[in-house]
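If you want the numbering used here, it's the 1-based position in the sequence shown plus 125. The beta carbon of each residue, even a glycine, is placed where N, CA and C say it ideally should be. Reading through the structure tokens given below for one structure.
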Amino acid sequence: MSRTTKAPAPGAARTSGAVPARRPRLIAVDAARGLALIGMIAVHVLPVHDPETFEPTLQWSLFGGRAAALFALLAGLSLAFSSGGRTPHRGRALTATRAGLVVRALLITSVGLAINQVMPSPAPALGILVYYGAFFLLAVPLLGLWRRALAAAAAGAAVLGPVLVHVLGPALPRPEVANPTLGSVLADPGAALAQVLLTGTYPAVPYLTYLCAGLLLGRTDLHEVVVRVRIAVTGAVLALGAWFVYWVLVLQTGGYDRLMQHTPWLSEDQIDEIIVWGPSPDLPTSTWWWLLTPGPHSNTPVTLLMDLGTGLAVLGLFLLLARPNRLWTVLAAMGGRTLTLYSAHLLALATAVHDDDRLLWFAVHVAAAAAFAVLWQRTLGQGPLERVIAAAVRGTRRLVLGASVGTAGPSRARSSEPA
Numbered sequence: 126m127s128r129t130t131k132a133p134a135p136g137a138a139r140t141s142g143a144v145p146a147r148r149p150r151l152i153a154v155d156a157a158r159g160l161a162l163i164g165m166i167a168v169h170v171l172p173v174h175d176p177e178t179f180e181p182t183l184q185w186s187l188f189g190g191r192a193a194a195l196f197a198l199l200a201g202l203s204l205a206f207s208s209g210g211r212t213p214h215r216g217r218a219l220t221a222t223r224a225g226l227v228v229r230a231l232l233i234t235s236v237g238l239a240i241n242q243v244m245p246s247p248a249p250a251l252g253i254l255v256y257y258g259a260f261f262l263l264a265v266p267l268l269g270l271w272r273r274a275l276a277a278a279a280a281g282a283a284v285l286g287p288v289l290v291h292v293l294g295p296a297l298p299r300p301e302v303a304n305p306t307l308g309s310v311l312a313d314p315g316a317a318l319a320q321v322l323l324t325g326t327y328p329a330v331p332y333l334t335y336l337c338a339g340l341l342l343g344r345t346d347l348h349e350v351v352v353r354v355r356i357a358v359t360g361a362v363l364a365l366g367a368w369f370v371y372w373v374l375v376l377q378t379g380g381y382d383r384l385m386q387h388t389p390w391l392s393e394d395q396i397d398e399i400i401v402w403g404p405s406p407d408l409p410t411s412t413w414w415w416l417l418t419p420g421p422h423s424n425t426p427v428t429l430l431m432d433l434g435t436g437l438a439v440l441g442l443f444l445l446l447a448r449p450n451r452l453w454t455v456l457a458a459m460g461g462r463t464l465t466l467y468s469a470h471l472l473a474l475a476t477a478v479h480d481d482d483r484l485l486w487f488a489v490h491v492a493a494a495a496a497f498a499v500l501w502q503r504t505l506g507q508g509p510l511e512r513v514i515a516a517a518v519r520g521t522r523r524l525v526l527g528a529s530v531g532t533a534g535p536s537r538a539r540s541s542e543p544a
């Protein structure tokens, strides 16, 4: 564990008229976010299947859908850190934090829309930034909740989110582009809203499962070893349990036959492709049995719980194992600047150079991201995009709290949030 800020004075986070204090920074959280970034790069650049056997590649088996879920989980954790840690902010401090989060969400959405605008068609990658902004907007009313309420919200999102997609999805308008752009938002705002909330690759409503779980984790004491062990064990049990439900109900007791019976236009191979690689673009809604399938980005309860469990297990292991050595420091440097690095990665993908030699291009992306992150951390601290957004958030918080408030607290602390 590595700390870059001093622990706040007792009760500092509870004062409603003062700028909120920040929790100590955990190198494991940034390192886990760095791993998620590498996973997203791998999914975007490397092949998803072996060209000879057509079996899924190792990187797809490890990161397909799971890297994005880990990103969202850690986003919720960072929101908890910035809103009081174990004790949620109250009063004016909570209002200021919420206002700052709205500004953060709008700025991240703007960055995402700008990047998507220059993406070629068909898009070389499905960016998450516009969805990320929606995650944060939906999280605004959740910042003041305690652990039980957050647990209930996470469970509700894991069940009701997929149900809403299943029921409403076929009736909702469809956008003309895979990645939301400013043009698509202005041309058909209803379709863009439906895409970001329910029908897109990273729909915000089901993804609240990860956000709420991350917020819940941030309301615990992650410095306690027993808490870290519980996170890792809970994650492993949750992931295995969700897969076991799929194995029993779909593969062993007739669920697969129901899929074939109610989806006759799909062959067995096509159903298997959805289960292994996820829907393209939408999960069939011909039967409720589809909600028990575990395909990446299918956003079913089984998928959400499997990916949440995997993310919890990874975070728990990182919290237990992370040390301030070279490997963890590099991962943490990348994880502390993910908005800048992820944006640069998407812009590089827009050149389509990676089509020639995907493995080399992946190595270039990761090496360049690592080198930039380490050098920037040592010389300038926060990443360039992170610095701009953090300044806007600080300014918003000060406006809400009043001009008489000093610059202590988060305005001087290094943000552990992904943006």
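Limits of the alpha helix (DSSP H) - the one that residue i falls within
| i | result |
| --- | --- |
| glycine 190 | Where glycine 190 is concerned, there is no enclosing alpha helix (DSSP H), given that its DSSP letter is neither H nor E. |
| glycine 432 | Note that residue 432 corresponds to aspartate in the displayed sequence, not to glycine. Aspartate 432 -> alpha helix (DSSP H) spans 426 to 446. |
| tryptophan 415 | No alpha helix (DSSP H) holds tryptophan 415; DSSP gives it neither H nor E. |
| serine 309 | 307 to 312 |
| valine 170 | 152 to 170 |
| glycine 210 | Glycine 210 -> no alpha helix (DSSP H), and no H or E assigned at all. |
| proline 287 | 272 to 293 |
| glycine 527 | Here glycine 527 belongs to no alpha helix (DSSP H), and DSSP marks it neither H nor E. |
| leucine 322 | Leucine 322 -> no alpha helix (DSSP H), and no H or E assigned at all. |
| valine 455 | 451 to 460 |
C-beta atoms of residue i and residue j nearer than 9 Å
| i | j | result |
| --- | --- | --- |
| valine 415 | serine 423 | Position check: residue 415 holds tryptophan in this sequence, whereas valine was assumed. In contact: tryptophan 415 and serine 423 (Cβ atoms closer than 9 Å). |
| alanine 156 | glycine 436 | no |
| proline 314 | tyrosine 256 | no |
| glycine 286 | leucine 333 | yes |
| leucine 430 | leucine 472 | no |
| leucine 340 | alanine 264 | yes |
| leucine 440 | glycine 366 | no |
| alanine 357 | threonine 326 | no |
| leucine 445 | arginine 503 | no |
| threonine 412 | threonine 388 | yes |
| glycine 252 | glycine 403 | no |
| alanine 230 | leucine 275 | no |
| leucine 183 | glycine 164 | no |
| threonine 306 | aspartate 407 | no |
| leucine 219 | glycine 269 | yes |
| leucine 510 | serine 468 | yes |
Spatial distance of residue i from residue j (CA atoms)
| i | j | result |
| --- | --- | --- |
| proline 249 | valine 351 | 42 Å |
| leucine 198 | cysteine 337 | 8 Å |
| threonine 345 | alanine 516 | 28 Å |
| leucine 464 | glycine 258 | 12 Å |
| histidine 169 | valine 455 | 21 Å |
| leucine 433 | aspartate 482 | 32 Å |
| glycine 159 | arginine 462 | 9 Å |
| valine 401 | glutamine 395 | 10 Å |
| threonine 428 | asparagine 241 | 26 Å |
| leucine 391 | proline 300 | 24 Å |
| leucine 466 | glutamine 377 | 44 Å |
| alanine 492 | alanine 192 | 18 Å |
| alanine 312 | proline 247 | 19 Å |
| isoleucine 152 | isoleucine 166 | 21 Å |
| proline 266 | valine 228 | 14 Å |
| glutamate 393 | valine 513 | 50 Å |
| tryptophan 453 | threonine 410 | 43 Å |
| arginine 147 | glycine 343 | Residue confidence for arginine 147 is low, a pLDDT of 38 falling below 50, so the modelled location carries little weight; the figure read from the coordinates is stated next. Cα to Cα, the separation comes out at about 12 Å. |
| tyrosine 381 | glutamate 398 | 13 Å |
| arginine 272 | alanine 278 | 10 Å |
| phenylalanine 487 | proline 181 | 18 Å |
| proline 245 | glycine 308 | 14 Å |
| leucine 417 | tryptophan 185 | 20 Å |
| serine 127 | leucine 297 | Since pLDDT at serine 127 reaches only 39, below the 50 mark, its modelled position is unreliable, and the value read off the structure follows with that caveat. Near 47 Å, if we compare the C-alpha coordinates of leucine 297 and serine 127. |
Contact with chain D by residue i, beta-carbon distance below 9 Å
| i | result |
| --- | --- |
| tyrosine 371 | Absent from the structure: chain D. Only one protein chain is present. |
Any non-hydrogen atom of the ligand PLP closer than 8 Å to residue i Cβ
| i | result |
| --- | --- |
| alanine 278 | The ligand PLP is not among the ligands present in this structure, which contains no ligands whatsoever. |
- Query: When the Cβ atoms of the stretch 205 to 217 are set against those of the stretch 471 to 485, are three or more pairs found closer than 8 Å?
  - Reply: no
- So, do the stretch 198 to 208 and the stretch 491 to 511 have three or more beta carbon pairs nearer to each other than 8 Å? no
- Return the chain-ordered ranges of every alpha helix (DSSP H) run that is complete within the stretch 220 to 267 and spans a minimum of 4 residues. 254 to 264
- Item | At least three beta-carbon pairs within less than 8 Å, the stretch 371 to 383 to the stretch 221 to 236 | no
- Do the stretch 520 to 528 and the stretch 221 to 233 meet, that is, are 3 or more Cβ pairs less than 8 Å apart? yes
- Minimum length 4: unbroken alpha helix (DSSP H) runs contained in the stretch 331 to 399: 350 to 371, 380 to 387
- Would you mind listing the alpha helix (DSSP H) stretches within the stretch 464 to 514 that are 4+ residues and don't spill past its ends, in chain order? 483 to 504
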